[in-house]
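The structure under discussion appears below in the form of structure tokens.
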Amino acid sequence: MINTSLFADFLHLVQSRNFSTTARERGMSQSTLSRRIMQLEAFVGAPLFDRSIQPVSLTAAGEKLLPMAQDLSEQLDLIRQIGHPGSQGGTEICNMIALSTLAMEFFPGWLSSHDRPGRPWRVNLLNTEPLLIMNINNFLRGQSEFLLTFAADQVADLHALRHHRYIVLGEDRACPVSAPGPDGAPLWALGAEDPVPYCAYTRGSFFQQALAPAIERLGARLRPVRDNSMAAVLYSMVRQGHGMGWLPELQVREAMATGGLVRAGGPEFDILSEIRLYRSHNLSRYAMAFWNRVSAGYEIRRKELRLA
Numbered sequence: 071m072i073n074t075s076l077f078a079d080f081l082h083l084v085q086s087r088n089f090s091t092t093a094r095e096r097g098m099s100q101s102t103l104s105r106r107i108m109q110l111e112a113f114v115g116a117p118l119f120d121r122s123i124q125p126v127s128l129t130a131a132g133e134k135l136l137p138m139a140q141d142l143s144e145q146l147d148l149i150r151q152i153g154h155p156g157s158q159g160g161t162e163i164c165n166m167i168a169l170s171t172l173a174m175e176f177f178p179g180w181l182s183s184h185d186r187p188g189r190p191w192r193v194n195l196l197n198t199e200p201l202l203i204m205n206i207n208n209f210l211r212g213q214s215e216f217l218l219t220f221a222a223d224q225v226a227d228l229h230a231l232r233h234h235r236y237i238v239l240g241e242d243r244a245c246p247v248s249a250p251g252p253d254g255a256p257l258w259a260l261g262a263e264d265p266v267p268y269c270a271y272t273r274g275s276f277f278q279q280a281l282a283p284a285i286e287r288l289g290a291r292l293r294p295v296r297d298n299s300m301a302a303v304l305y306s307m308v309r310q311g312h313g314m315g316w317l318p319e320l321q322v323r324e325a326m327a328t329g330g331l332v333r334a335g336g337p338e339f340d341i342l343s344e345i346r347l348y349r350s351h352n353l354s355r356y357a358m359a360f361w362n363r364v365s366a367g368y369e370i371r372r373k374e375l376r377l378a
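To convert, note that position 51 of the sequence shown is 121 in the working numbering; the numbers rise steadily by one, no gaps.
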């Protein structure tokens, strides 16, 4: 027989990638945690973590065990609820980190669509950091149970989330837009002969990474004039005519419909991205209930493979 709480230790360590952090948050000494992980490794018959590097990383055996441990943890939680079907257990609130555009333009309506009659979900939206990796690191350190983010294959920072399950809630596109000139045509257009001033994203932000291949292809045709990590700030700069910029369709749809912004280039310059909700390995019963509600009907993924 194996103590099933060892799998909770394993999942926590996958999340934190640090023995001392997991030991502290699991309420045990680091030596006790190490013994417990070795006990699980003896049961599996192979090392689960590469301890020779910091932070620790999963071995091939650990990668194989991870989805099974996630499934087991969820099944055990369902078993515990058999005798207490109406009880969520713990504090009835959960935390979410969301990129700024999604926090403002997507999250409120999406959350409302999942509310239960008379019982709205209590989801605390934490402050957004300026750079994508900072938000990812806060999520991995356990500051929130969920991370709501844009995602695209060319964004290397997302590799840090490769062990986490997620659902794809939809898609969006970053469109090249400009303030209109007196004739209604774009004040700044990508087809112009002279270099076009553009409002750029700060290095390390999601859209800077997502746009990097397109910016590189355009090369000298672009002349950066402003930069910021937040699309909302660049939106204001573009509206004021400082330059063109790539802005999320979620954000500019209304302004484009009313003529406040116009396209600065055709659809071939659009950058597609997914809207993903990532979940922690360690969910309270309330957070698990929320996840079960919002993920119903979606394919639950990890490393592009279906797991549930």
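Glycine residues also receive a C-beta, built at the ideal position from the N, C-alpha and C atoms.
First through last residue of the alpha helix (DSSP H) which encompasses residue i
i: threonine 92; result: 89 to 96
i: glycine 179; result: 177 to 182
i: arginine 287; result: 276 to 288
8 Å Cβ cutoff met for residue i and residue j
i: glutamate 162; j: arginine 192; result: yes
i: aspartate 253; j: alanine 270; result: no
i: leucine 320; j: aspartate 223; result: no
i: phenylalanine 113; j: isoleucine 72; result: yes
i: aspartate 147; j: arginine 355; result: yes
i: leucine 76; j: leucine 110; result: yes
i: leucine 318; j: arginine 293; result: First, the amino acid is wrong: residue 318 is proline here, not leucine. No, Cβ-Cβ distance for proline 318 and arginine 293 is not below 8 Å.
i: histidine 184; j: arginine 363; result: yes
i: tyrosine 348; j: leucine 217; result: yes
i: alanine 221; j: leucine 195; result: no
i: serine 86; j: arginine 211; result: yes
i: serine 343; j: alanine 249; result: no
i: glycine 336; j: alanine 259; result: no
i: phenylalanine 339; j: alanine 284; result: yes
i: alanine 219; j: leucine 181; result: Sequence inspection shows threonine at residue 219; the alanine mentioned does not correspond to that position. It is not a contact, given that the beta carbons lie outside the stated cut-off.
i: threonine 171; j: alanine 301; result: yes
i: proline 265; j: arginine 287; result: no
N- and C-terminal bounds of the beta strand (DSSP E) containing residue i
i: methionine 166; result: 164 to 168
i: leucine 118; result: Element bounds for leucine 118: n/a, residue is neither H nor E.
i: leucine 347; result: 341 to 349
i: leucine 304; result: That residue, leucine 304, is in no beta strand (DSSP E); its alpha helix (DSSP H) goes 301 to 309.
i: alanine 244; result: 236 to 248
i: proline 337; result: From DSSP, proline 337 is part of no beta strand (DSSP E); its letter is neither H nor E.
i: leucine 201; result: No beta strand (DSSP E) contains leucine 201, which DSSP labels as neither H nor E.
i: asparagine 294; result: The displayed chain sequence assigns proline, not asparagine, to residue 294. First-last of the beta strand (DSSP E) with proline 294: 292 to 298.
i: valine 193; result: 193 to 196
Helix, strand or coil at residue i [DSSP, three-state]
i: threonine 219; result: strand
i: asparagine 73; result: coil
i: glutamate 324; result: helix
i: tryptophan 316; result: strand
i: serine 104; result: helix
i: alanine 206; result: Per the sequence presented here, residue 206 reads as isoleucine, with alanine not at that position. DSSP places isoleucine 206 in helix when its eight states are reduced to three.
i: arginine 371; result: strand
i: serine 354; result: coil
i: proline 137; result: helix
i: glutamine 158; result: In this prediction, glutamine 158 has a pLDDT of 49, which is less than 50 and means its spatial position is unreliable; what the coordinates show is noted afterwards. Glutamine 158: coil per DSSP, three-state reduction.
i: valine 84; result: helix
i: glutamate 263; result: coil
i: arginine 273; result: coil
i: serine 143; result: helix
i: aspartate 227; result: helix
i: aspartate 79; result: helix
i: arginine 232; result: coil
i: serine 214; result: coil
Spatially closest choice to residue i from the options, by CA coordinates
i: leucine 83; options: Arg186, Asn73, Leu136 and Val114; result: Leu136
i: methionine 314; options: Met166, Gln279 and Gly251; result: Gly251
i: glycine 261; options: Val247, Leu347 and Arg273; result: Val247
i: methionine 358; options: Ser299, Gln145 and Leu257; result: Gln145
i: aspartate 227; options: Ser182, Leu257, Phe277 and Gly240; result: Phe277
i: phenylalanine 209; options: Pro256, Leu257, Ile167 and Leu103; result: Ile167
i: leucine 257; options: Glu324, Leu353, Gly311 and Ile149; result: Gly311
i: alanine 282; options: Trp316, Ala255 and Ala249; result: Trp316
i: phenylalanine 360; options: Gly336, Gly97, Ala93 and Asn165; result: Asn165
i: alanine 230; options: Ser350, Asp79 and Ala284; result: Ser350
i: leucine 103; options: Asp79, Ala116, Pro117 and Arg121; result: Asp79
i: alanine 244; options: Leu288, Val322 and Gly188; result: Val322
i: aspartate 142; options: Asn352, Ser365 and Ser170; result: First, the amino acid is wrong: residue 142 is leucine here, not aspartate. Of the candidates Asn352, Ser365 and Ser170, the one whose C-alpha sits nearest the C-alpha of leucine 142 is Asn352.
Any C-beta of chain C under 8 Å from that of residue i
i: glutamate 338; result: In the displayed structure, chain C is absent; only one protein chain is listed.
Answer yes if the stretch 128 to 135 comes into contact with the stretch 168 to 187, meaning at least three C-beta pairs across the two stretches below 8 Å, and no otherwise. no
Pairs of beta-carbons, one from the stretch 192 to 210 and one from the stretch 330 to 344, closer than 8 Å: are there three or more? no
For the stretch 292 to 312 against the stretch 231 to 238, are there 3 or more C-beta pairs whose distance is under 8 Å? no
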